[in-house]
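Here the structure is laid out as structure tokens; the discussion comes afterwards.
Number of protein chains: 2
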Amino acid sequence: MKYANRMNQMTASEIREILKVTEQKQVISFAGGLPDPELFPVNEFLTAANYVLKESGSQGLQYSTTEGFEPLRMQIANRMNSKFQSQITKDDVLIVNGAQQALDMSGKLFLDKGDLIVCESPTYLGAINAFRTYECRFISVLTEDEGMSLSHLEETLKAHPDIRMIYVIPDFQNPTGRRWSLERRKRFMDLISCYDIPVIEDNPYGEIVFDNQIFPSLKKWDKNNQVISLGTFSKIFCPGLRVGWISASQEILNRYILLKQSSDLHTSNLSQRQISKYLELFDIEVHIRKLILAYRNKRDIAVSAIKKCFPADIKYTMPEGGLFLWIELPESWSSRELLEVCIKENVAFVPGEPFYPNGEKKNAFRLNFSNADEEKLKEGISKMGGIIGRYHSASMSETI
Amino acid sequence: MKYANRMNQMTASEIREILKVTEQKQVISFAGGLPDPELFPVNEFLTAANYVLKESGSQGLQYSTTEGFEPLRMQIANRMNSKFQSQITKDDVLIVNGAQQALDMSGKLFLDKGDLIVCESPTYLGAINAFRTYECRFISVLTEDEGMSLSHLEETLKAHPDIRMIYVIPDFQNPTGRRWSLERRKRFMDLISCYDIPVIEDNPYGEIVFDNQIFPSLKKWDKNNQVISLGTFSKIFCPGLRVGWISASQEILNRYILLKQSSDLHTSNLSQRQISKYLELFDIEVHIRKLILAYRNKRDIAVSAIKKCFPADIKYTMPEGGLFLWIELPESWSSRELLEVCIKENVAFVPGEPFYPNGEKKNAFRLNFSNADEEKLKEGISKMGGIIGRYHSASMSETI
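Protein chains in written order, with our numbering: chain U, 30 to 429; chain C, 30 to 429.
Structure, rendered in structure tokens:
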């Protein structure tokens, strides 16, 4: 049977395959990007769900508008404005099935075969997969602790006048945990405003912030309406409901709405109403503060364990938010090889290579610290430290 | 801003625009394809939803596998086998966001720019929109009351060796309400088995059957594993949850799974568990029998009203299932024009032209009989009859 050409580029997500291996109980897994299910507000959600079904049961189970449930769109606009200093209304918001669908639809909206897209280096692997469906090509721009290198970005934009989209995750990026500085955001927007290119700002982690400093969305400096912001309830609430959103100018959003309609008509009406009711009945900020405390504590435990158990010259990020740490092994190492050894000793992570769309680096890996409990965090990192230490000694003696 | 080329072909669904007009209370609308919300099993669903949240709350709110909730996939496979004489297992089932997402993903999987796809004439407008996103071209094959014309299909297949996909709705098709005969199904599969082309069998209405005769899925005769069957809970249960499925051979399904993953990771975990629990706790067959009685009654009322109020030479289908009737006006008429007059008199339907991918016919329209109550059905059809009658007299006198 003949498939579309795009299928030649599609391969199973490495994370997904690793997750299958790590489903065995004895494995301590830092591989997935799962929130801690112990922290889900199950009882509050149950209360909200009951309200919805009792108050408007048949309406909540019927077909609905493509744009999404109006009260929820309003709640999202208000939250975004108060948290990230944007100035949007409900009419600028489209509800989708988690931010992943927003990525897929962004590819659909902007990318023709062979088109160029700029992303950070490394960047979110799920975005690479979504965009790749549209047979695009990637240019990775050097990304430092402060954010995307603007000299490299400018050089790239000048060298390739046919760039069609820029994809960034300025807040506690998946996979590195990095946050762009305020200064870098401003200067990025100054530079970008000279180009008629859409900027996809993916922000699933921005509210999970450990140092109490929430930075504004790029939209704050968006004079030309070129920023498209993606958000989701997956990390601040519950991912299993698959509810996220796109916020963009009317002109752009209307086209996303057309695509949403042909993609699946609309996102679950009931899930939207349940989340909206939860936001009405409960204070999600109280819940988010609980998440922050828990994840900050886990980040601290993870970092202390790394300090204690990893060889001193192994580099790692110190994220001020989100769910991930990024670890860089010595240049010549392969984190895939290391994973094979680790899995045999029942500890797992995601190797870094698939986060580089052009496979630039093989010696880094992503460590999720939100899902495992404290004991497992310590035990798993200590095990990994042991394995890395053995590698380290071996490679040292080879060098000598 | 530059958008992908596919956006040039995307226009807002005519149904959606009409639905906006018909939201006003005074309008009697036969335009949407909405099930009757009075028939939704709200209380039973509430019971199931509570069970799920109490038994496995945090699991139901967590990320899940792309393929879908295993018990639900098993329940779907069993139902399909017992109802439509297929022989599938849970491993042949992928859960998606309603059958609409399955259509979008089918386009993504099989269609490159310019590719040819064969469909019925007329065919489901939401499928046309979904496939069009992938910049394909359509060939409509003549479709009669018994099903697709096999001589025309054979001729078409011979003339175009580059056809990449065939899309059919053999059961109570949207928009015509037609059902393919058993004989036509068999002969269609005989013919198709000589070609290495995937057949998308879309079946949202097959269980809403008024004469107690459920016909087998095309899969029954699928020697070469080329049939991909799409199903949904939207018409037999509740559409607002957005839960449907794709059933296909392993080779094909694995590719759909890759696409599902990059599209939105997975369908709402909670919705899947809720439907699964409903199927476990309650007998959906009892519910479906209730739907059938109600919709059959509405079909009868609609048909009697048409007989009574429409000029005798207006043709209409007499569907033995589903939610739609199809009405053919005299050749020279435009159903869009008729709609404008009808909307002024507060009654609405969907004109037929957008159901023809190449705009072949302008004189038919679709009438939904499932959503309006009995009084509105009579009143609305009587109003339409009056308007059509006036047109009819006018065109008669012109002819003379």
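Every residue gets a Cβ at the ideal spot worked out from N, C-alpha and C, and that includes glycine.
(message) Would G351/U and G155/U be called neighbours here (beta carbons separated by less than 7 angstroms)?
(response) In the first sequence, the residue the question calls residue 351/U occupies position 322. In the first sequence, the residue the question calls residue 155/U occupies position 126. Contact: no.
(request) Taking L247/U and L220/U to be in contact with their CB atoms under 8 angstroms, please state how far apart those CB atoms are, rounded to whole angstroms. (result) Here residue 247/U corresponds to residue number 218 of the first sequence, with the count starting at 1. Here residue 220/U corresponds to residue number 191 of the first sequence, with the count starting at 1. Going by Cβ atoms, the distance from L247/U to L220/U rounds to 12 angstroms, so no, they are not a contact pair.
(message) In this structure, how does DSSP classify L294/U when only helix, strand and coil are distinguished?
(response) Within the first sequence, the letter at position 265 stands for residue 294/U. Reduced to three states, the DSSP call for L294/U is coil.
(message) Once the 5 residues before and after E374/U are set aside, which same chain residues still bring their CB inside 7 angstroms of it?
(response) Within the first sequence, numbered from 1, the residue matching residue 374/U stands at position 345. Excluding sequence neighbours, E374/U sits near K412, I416.
(request) Reducing DSSP to helix, strand and coil, say where A33/C ends up. (result) Locating residue 33/C in the second sequence gives position 4, counting from the first residue. Here A33/C sits in coil by DSSP.
(message) Three Cβ pairs or more, each shorter than 8 angstroms: is that satisfied between the segment 111-128 of chain C and the segment 95-103 of chain U?
(response) no
(message) I'd like to know if D133/C contacts chain U, where contact means its C-beta is closer than 7 angstroms to some C-beta of that chain.
(response) Position 104 of the second sequence, counting from 1, holds the residue named residue 133/C. Yes, D133/C counts as interfacial toward chain U.
(message) Is there a Cβ of chain C sitting closer than 7 angstroms to that of M194/U, yes or no?
(response) As a first step, residue 194/U is located in the first sequence; it is residue number 165 there, counting from the start. Not an interface residue.
(message) Run through chain C and tell me which residues come within less than 7 angstroms of Y92/U, C-beta to C-beta.
(response) Locating residue 92/U in the first sequence gives position 63, counting from the first residue. Under the 7 angstroms cutoff, chain C gives L63, P268, G269.
(request) Can you pull the chain C residues whose beta carbon is under 8 angstroms from the beta carbon of E84/U, in chain order? (result) On the first sequence, residue 84/U is found 55 positions in, with the first residue counted as 1. What E84/U touches in chain C: nothing, since even the nearest Cβ is about 11 angstroms away.
(request) Just the C-alpha distance for L123/C and E314/C, rounded to the nearest angstrom, thanks. (result) Walking along the second sequence from the start, residue 123/C turns up at place 94. Walking along the second sequence from the start, residue 314/C turns up at place 285. If I take the Cα positions, the gap works out to 22 angstroms.
(request) List the residues of chain C whose Cβ lies closer than 8 angstroms to the Cβ of K130/U, in chain order. (result) Within the first sequence, numbered from 1, the residue matching residue 130/U stands at position 101. The sequence given here places Gln at residue 130/U; Lys does not occur at that position. Result: S292, D293.
(request) Using beta-carbon positions only, say whether R193/C and F139/C come within less than 7 angstroms of one another. (result) Position 164 of the second sequence holds residue 193/C. Position 110 of the second sequence holds residue 139/C. Using a Cβ distance threshold of 7 angstroms, R193/C and F139/C count as a contacting pair.
(request) Go through its chain and collect everything with a Cβ distance to I237/C's Cβ below 8 angstroms, but skip five positions before and after it. (result) In the second sequence, the residue the question calls residue 237/C occupies position 208. Closer than 8 angstroms at Cβ, skipping near neighbours: F201, K264, I265, I317, L320, I321, Y324, G350, G351, L352.
(message) Between which two residues does the alpha helix (DSSP H) holding V315/U run?
(response) Residue 315/U sits at position 286 when you count from the first residue of the first sequence. Run containing V315/U: 313-338, per the alpha helix (DSSP H) assignment.
(request) Consult DSSP for I417/U and reduce its assignment to one of helix, strand or coil. (result) Walking along the first sequence from the start, residue 417/U turns up at place 388. Residue state, collapsed to three classes: helix.
(request) May I have the straight-line CA-CA distance separating E403/U from K344/U, to the nearest angstrom? (result) Within the first sequence, numbered from 1, the residue matching residue 403/U stands at position 374. Within the first sequence, numbered from 1, the residue matching residue 344/U stands at position 315. E403/U and K344/U have their C-alpha atoms roughly 22 angstroms apart.
(message) Among the candidates S399/U, G409/U, Y420/U, L406/U, whose CA atom is the shortest distance from the CA of N392/U?
(response) Position 363 of the first sequence, counting from 1, holds the residue named residue 392/U. That would be Y420/U, whose Cα lies nearest to the Cα of N392/U.
(request) Go ahead and label A423/C buried or exposed: buried means 16 or more other beta carbons lie within 10 angstroms of its beta carbon, across all protein chains shown. (result) Walking along the second sequence from the start, residue 423/C turns up at place 394. Its Cβ having fewer than 16 others within 10 Å, A423/C is exposed.
(request) Would you tell me roughly how many angstroms separate the C-alpha atoms of N203/U and G260/U, rounded to the nearest one? (result) In the first sequence, residue 203/U corresponds to position 174, counting from 1. In the first sequence, residue 260/U corresponds to position 231, counting from 1. Distance between the alpha carbons of N203/U and G260/U: 14 angstroms.
(request) State the DSSP-derived secondary structure class of Y153/U, mapped to helix, strand or coil. (result) If you number the first sequence from 1, residue 153/U lands on position 124. Of the three classes helix, strand and coil, the one that applies to Y153/U here is coil, per DSSP.
(request) Please state whether DSSP places R142/U in a helix, a strand or coil. (result) For the purposes of this step, residue 142/U is taken as the residue at position 113 of the first sequence. Residue identity check: residue 142/U is Lys in the sequence provided, not Arg. In this structure, K142/U counts as coil in the three-state DSSP scheme.
(message) Counting only beta-carbon separations shorter than 7 angstroms, does V256/U have a partner in chain C?
(response) On the first sequence, position 227 is the one that residue 256/U refers to. Chain C, which has no Cβ nearer than 7 angstroms to the Cβ of V256/U, makes this no.
(request) Could you spell out where the alpha helix (DSSP H) holding M194/U opens and where it closes? (result) By one-based count along the first sequence, residue 194/U stands at place 165. No alpha helix (DSSP H) contains M194/U, which is instead part of the beta strand (DSSP E) from 192-197.
(message) Could you compute how far the alpha carbon of R166/C sits from the alpha carbon of P70/U?
(response) Taking the second sequence and counting its residues from 1, one reaches residue 166/C at position 137. Taking the first sequence and counting its residues from 1, one reaches residue 70/U at position 41. Between R166/C and P70/U, the C-alpha separation is close to 49 angstroms.
(message) Does chain C have any CB closer than 7 angstroms to the CB of F69/U?
(response) Counting from one through the first sequence, the residue named residue 69/U turns up at place 40. By this cut-off, F69/U is an interface position.
(message) List, from N- to C-terminal side, the beta strand (DSSP E) runs of 3 residues or more that fit wholly inside the segment 69-154 of chain U.
(response) If we require 3 residues or more, the beta strand (DSSP E) runs fully inside the segment 69-154 of chain U come out as 122-125, 145-150.
(request) Only counting runs of 3 or more residues, tell me where the beta strand (DSSP E) segments fall wholly within the segment 214-285 of chain U, in order along the chain. (result) 228-231, 256-261, 273-276
(request) Closer than 8 angstroms by beta-carbon distance: list the chain U residues that pair up with F74/C, in chain order. (result) In the second sequence, residue 74/C corresponds to position 45, counting from 1. Residues of chain U passing the Cβ test: L82, G86, L90.
(request) With hydrogens ignored, establish whether the beta-carbon of N72/U is closer than 6 angstroms to any heavy atom of the ligand GDP. (result) The ligand GDP is absent from the structure shown, which contains no ligand whatsoever.
(message) By the three-class DSSP mapping on this structure, what secondary structure does E357/C have?
(response) By 1-based counting over the second sequence, the position of residue 357/C is 328. If DSSP states are grouped into helix, strand and coil, E357/C belongs with the strands.
(request) Could you name the residues of the same chain whose beta carbon sits closer than 8 angstroms to that of W362/C, not counting the 5 residues immediately before and after it, in chain order? (result) Residue mapping note: residue 362/C aligns to position 333 of the second sequence, counting from 1. Excluding positions up to five away in sequence, the list reads K391, N392, Y420, S424.
(request) Can you check DSSP and say which residues form a bridge with S58/C? (result) Looking up residue 58/C in the second sequence gives position 29. Bridge partners of S58/C: A377/C.
(message) Using only the alpha-carbon positions, how far apart do R35/C and N232/C sit?
(response) In the second sequence, the residue the question calls residue 35/C occupies position 6. In the second sequence, the residue the question calls residue 232/C occupies position 203. Looking at the backbone, the Cα of R35/C and that of N232/C are separated by about 27 angstroms.
(message) Please state the DSSP three-state secondary structure of D400/U.
(response) By 1-based counting over the first sequence, the position of residue 400/U is 371. Checking the displayed sequence, the identity of residue 400/U turns out to be Asn instead of Asp. Reduced to three states, the DSSP call for N400/U is coil.
(request) Determine which residues of the segment 212-243 of chain U have a Cβ less than 9 angstroms from any Cβ of chain C, and write them out in chain order. (result) Residues of the segment 212-243 of chain U with a Cβ closer than 9 angstroms to any Cβ of chain C, in chain order: D225, I226, P227.
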